[in-house]
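Chemist: Residue numbers (UniProt numbering): 1 to 162. Glycine included, every Cβ here is placed at the ideal spot set by N, Cα and C. Predicted model only: the values in this text are computed from it and were never measured.
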């Protein structure tokens, strides 16, 4: 698998990773099954996960809890989507779509696989697999076999540069 690191493309978030990771996770769906003994939950139909500035939408979401806190959420759909709202008015939103989105809540890491696409403002990324580290704002794109990763990057407005 080839990986293309794309560093520094994502604007700064105002809250620290520790602040975000301690925010509650809210999940809504048409159907919910929870096994309190194992900490496993299955959500089906119009699923929406929200944690602070992060929203995941899917047709199906599996979630694992430990000590009353969501550790991981695995979303699948047609496609599943991930959205991170802008932290400031001058910031840009980050979004993903993929066949599967695996969100590691405590680490604030997202793995998107299967026709994965990401966007940040006008910039676009496509790959078999994308990995996004919410803090420190890193995106990795990888192709498998003969597949390649691609990026379309637009110049930033010169007036907006520091």
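If you compare alpha carbons, which of 120, 126, 97 is closest to residue 58?
Modeler: Within the chain shown, numbered from 1, the residue matching residue 58 stands at position 58. Out of 120, 126, 97, 97 has the C-alpha closest to the C-alpha of residue 58.
Chemist: Helix, strand or coil for residue 90 per DSSP?
Modeler: In the chain shown, counting from the first residue as 1, residue 90 sits at position 90. Reduced to three states, the DSSP call for residue 90 is coil.
Chemist: Judging by CA-CA distance, which residue of 84, 78, 51 is the nearest neighbour of residue 72?
Modeler: As a working note, residue 72 is residue 72 in the chain shown. Nearest of 84, 78, 51 to residue 72, Cα basis: 51.
Chemist: Are the beta-carbon atoms of residue 142 and residue 151 separated by less than 8 angstroms?
Modeler: Numbered from 1 along the chain shown, position 142 holds the residue referred to as residue 142. Numbered from 1 along the chain shown, position 151 holds the residue referred to as residue 151. Cβ atoms of residue 142 and residue 151: not closer than 8 angstroms.
Chemist: Check whether the Cβ of residue 129 lies closer than 7 angstroms to any heavy atom of the ligand FAD, and answer yes or no.
Modeler: For the ligand FAD, the structure offers nothing, since it holds no ligand at all.
Chemist: Do you know how far the Cα of residue 61 is from the Cα of residue 32?
Modeler: As a position in the chain shown, residue 32 is number 32, starting the count at 1. As a position in the chain shown, residue 61 is number 61, starting the count at 1. Cα-Cα distance, rounded: 10 angstroms.
Chemist: Can you give, in chain order, each stretch of the beta strand (DSSP E) that sits fully within the stretch 103-139 and has at least 3 residues?
Modeler: 109-120, 123-133
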